[in-house]
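S.K.:
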Amino acid sequence: MSEQSSSAAASSARGVVFVDGIRTPFGKAGPKGMYADTRADDLVVKSIRELLRRNPELPPERVDEVGIAATTQTGDQGLTIGRTSALFAGLPQSVPGFAVDRMCAGAMTAVTTTASGIGFGQYDVVIAGGVEHMGRHPMGEGVDPNPRFLADRLVDPSALVMGNTAENLHDRYPSITKDRTDAYAVASQEKYDAAKRAGLIGETLVPVATKSAAGWGLATEDEPPRPGTTLENLAALKTPFRPAGRVTAGNAAGLNDGATAAILAGEDTAAELGLKVGMRMVGFAFAGVDPAVMGVGPVPATEKLLARTGLSIGDIGLFEINEAFAVQVLAFTEHFGIADDDARVNQWGGAIACGHPLASSGVRLMTQLSRQFATRPDVRYGLTTMCIGLGMGGSVIWENPNFDGSK
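In terms of my numbering, the sequence shown is numbered consecutively and its last residue is 701.
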């Protein structure tokens, strides 16, 4: 082996840090939603521009890659949206970009994929995020599922409808009753409302100009939350996926529009440029499960990740879970022996309150965890975890750079 080859082979992993994250306010999908006449790619562009504005220490030409996720990659979510968004955001033409799809964990995968490039020394700084305009592009738009899915019995027919998979998860965990999921949903709304009133949510948002038949507007806050939701309200809702079922519009995330973006960097590059460090990546893992109970995905993904890192669930001081369905969160917490009302879990509420624009949500979780770390020097590790359509789960463990063991 030549000296040059030996040197190249000796390259080793380096630390990866989450610098900053941002998101648009999340809207309700559909013709009456605030983004009905706003393009999906413009939501991403606004997010990237705000990231650069908030982090002036980062020279735009130092960005090595832009990875943007979308579940439905067509129309204004198509055309390699990572590249087109970079161009419209004003990044130099020398900055490349790509698109990625892992359904709900698209932005999470954009982060882990580009972070891997940083760790291997091939990137120094990246922008990763996601977008979903479910009003323009409903989940499954234009897809043509292979008939062998059902003909060859590769999956149960219920696996292709997310609400049905949530009902199946209730079957698997009979102790998770509708009363429990409704109580969890009420708590999510209450926690989100408290965080919003404290100014914590607003700090993570970039205002977006919107256009409609009535003229121009400005989106400054999330559209989906329902403050004042009560158990009595939720008890009266229909169960659309199964007669006398347990999943309702009140204990599940809605159909939403929105975008997210984040800056990640090598820890050495962050120090060189004077970039802040919101948190350090410890590790990540994805796992597959039976698609008919896709909501259980975070459990094996987290088990795999804990085994890889040598940590235990007790080492995790903060959890950010995507909340596609309340039963999905409670299946995770029940598996790990965590109480339904544990204060470590989604302390600013979750997607049941603020919304879940599919591929964008992973970076929302990370952005919130990073900001929570800043005020919690007593917490060393946090987890962002998600269930993923078609039977998967994804988890990322992060370390708090503000950790002070004496606290």
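Beta carbons: idealized from backbone N, C-alpha and C, even for Gly. Remember, it's a predicted structure, so these values are computed and weren't measured experimentally.
1) Could you tell me if Ala-510 is buried or exposed, where buried requires 16 or more neighbouring beta carbons within 10 angstroms of its beta carbon?
2) With respect to the beta strand (DSSP E) encompassing Thr-504, which residues constitute its N-terminal and C-terminal limits?
3) Closest to Gly-683 by CA distance: which of Gly-457, Ala-445 and Thr-332 is it?
4) Can you grab the Cα-Cα spacing for the pair Arg-540 / Ile-646, in whole Å?
5) Any idea if Pro-592 is buried or exposed, counting beta-carbon neighbours within 10 angstroms, 16 or more meaning buried?
6) Could you tell me how far apart the beta carbons of Phe-392 and Gly-361 are, in whole angstroms, since I believe they sit closer than 8 Å?
7) Can you tell me the Cα-Cα spacing of Glu-355 and Glu-461, whole angstroms?
8) The beta strand (DSSP E) with Leu-569 in it runs from where to where?
9) Can you say whether Thr-514 is buried or exposed, counting buried as having 16 or more other CB atoms within 10 angstroms of its CB?
10) Any idea what DSSP makes of Ala-677, helix, strand or coil?
11) Give the C-beta separation of Asp-551 and Gly-321 to the nearest angstrom, bearing in mind that I take them to be a contact with Cβ-Cβ under 8 Å.
12) Identify whether Asp-314 lies in helix, strand or coil by the three-state DSSP scheme.
13) Are three or more beta carbon pairs between the region 599-619 and the region 640-658 nearer than 8 Å?
14) Taking the alpha-carbon of Gly-424 as reference, which of Thr-318, Ala-481, Arg-466 and Met-686 has the nearest alpha-carbon?
15) Could you pull the DSSP bridge partners for Val-593 from this structure?
16) From Ala-364 to Ser-700, what does the alpha carbon distance come to, in whole angstroms?
17) Would you identify the three-state DSSP class for Asp-473, choosing helix, strand or coil?
18) When we look at the beta-carbon of Leu-663 and count the other beta-carbons within 10 Å, is it buried (16 or more) or exposed?
19) Three or more beta-carbon pairs under 8 Å between the region 378-386 and the region 438-454, yes or no?
20) Where in the region 492-557 do unbroken runs of the alpha helix (DSSP H), each at least 4 residues long, occur, reported from the N-terminal end onward?
21) Just to confirm, are Leu-569 and Val-313 a CB contact at a threshold of 8 Å?
22) Pair every Cβ in the region 594-604 with every Cβ in the region 680-694, then say whether three or more of these pairs are closer than 8 Å.
23) Count the other CB atoms within 10 Å of the CB of Thr-563; is the residue buried (16 or more) or exposed (fewer)?
24) Could you tell me whether the region 329-336 touches the region 568-588, using the rule of 3 or more Cβ pairs below 8 Å?
25) Based on Cα-Cα distance, which residue from Ser-606, Tyr-486 and Pro-518 lies nearest to Asn-640?
26) Would you report the Cα separation of Arg-674 and Pro-439, rounded to the nearest angstrom?
27) Please give the ranges of any alpha helix (DSSP H) in the region 409-467, keeping only runs that are unbroken, at least 4 residues long and fully inside the region.
28) Take the Cβ of Pro-651 as the centre, count every other Cβ of all protein chains shown within 10 Å, and call the residue buried at 16 or more, exposed below.
29) Can you say whether Asp-635 is buried or exposed, counting buried as having 16 or more other CB atoms within 10 angstroms of its CB?
M.R.: Looking at the coordinates:
1) Here residue 510 is Trp; the residue named in the question, Ala, does not match the sequence. Within a 10 Å sphere around the beta-carbon of Trp-510 sit fewer than 16 other beta-carbons, which makes this residue exposed.
2) In the DSSP assignment, Thr-504 falls within the unbroken beta strand (DSSP E) covering 502-506.
3) Out of Gly-457, Ala-445 and Thr-332, Gly-457 has the C-alpha closest to the C-alpha of Gly-683.
4) Straight-line Cα distance between these residues: approximately 15 Å.
5) Under this definition Pro-592 is a buried residue.
6) Indeed, because the Cβ distance is near 6 Å, the residues count as touching under 8 Å.
7) Using only the alpha carbons, I get a separation of about 48 Å.
8) For Leu-569, there is no enclosing beta strand (DSSP E), as DSSP marks it with neither H nor E.
9) Thr-514 comes out exposed.
10) One point to set straight first is that residue 677 is Leu, not Ala, in the sequence displayed. Three-state DSSP puts Leu-677 in a strand.
11) About 4 Å; that satisfies the 8 Å criterion.
12) DSSP places Asp-314 in strand when its eight states are reduced to three.
13) Counting Cβ pairs under 8 Å, three or more are found: they touch.
14) Across the set Thr-318, Ala-481, Arg-466 and Met-686, the C-alpha of Thr-318 shows the shortest separation from the C-alpha of Gly-424.
15) Val-593 has no beta-bridge partner at all, per DSSP.
16) In this structure, the alpha-carbon of Ala-364 lies about 42 Å from that of Ser-700.
17) Look at Asp-473 here: in three-state DSSP terms it is helix.
18) Leu-663 comes out buried.
19) The region 378-386 makes no contact with the region 438-454; the number of CB pairs closer than 8 Å stays below 3.
20) Fully enclosed alpha helix (DSSP H) runs of no fewer than 4 residues occupy 525-529 of the region 492-557, in order along the chain.
21) Taking 8 Å as the cut-off, the Cβ atoms of Leu-569 and Val-313 count as close.
22) Taking 8 Å as the limit for Cβ pairs, the verdict is that the region 680-694 does touch the region 594-604.
23) Classification for Thr-563: buried.
24) The count of Cβ pairs closer than 8 Å, one atom from the region 329-336 and one from the region 568-588, stays below three, leaving the stretches out of contact.
25) With distances taken between Cα atoms, Asn-640 lies closest to Tyr-486.
26) If I take the Cα positions, the gap works out to 43 Å.
27) Counting only runs of 4 or more, we get 442-445 and 456-466.
28) Burial call: buried.
29) Its Cβ having fewer than 16 others within 10 Å, Asp-635 is exposed.
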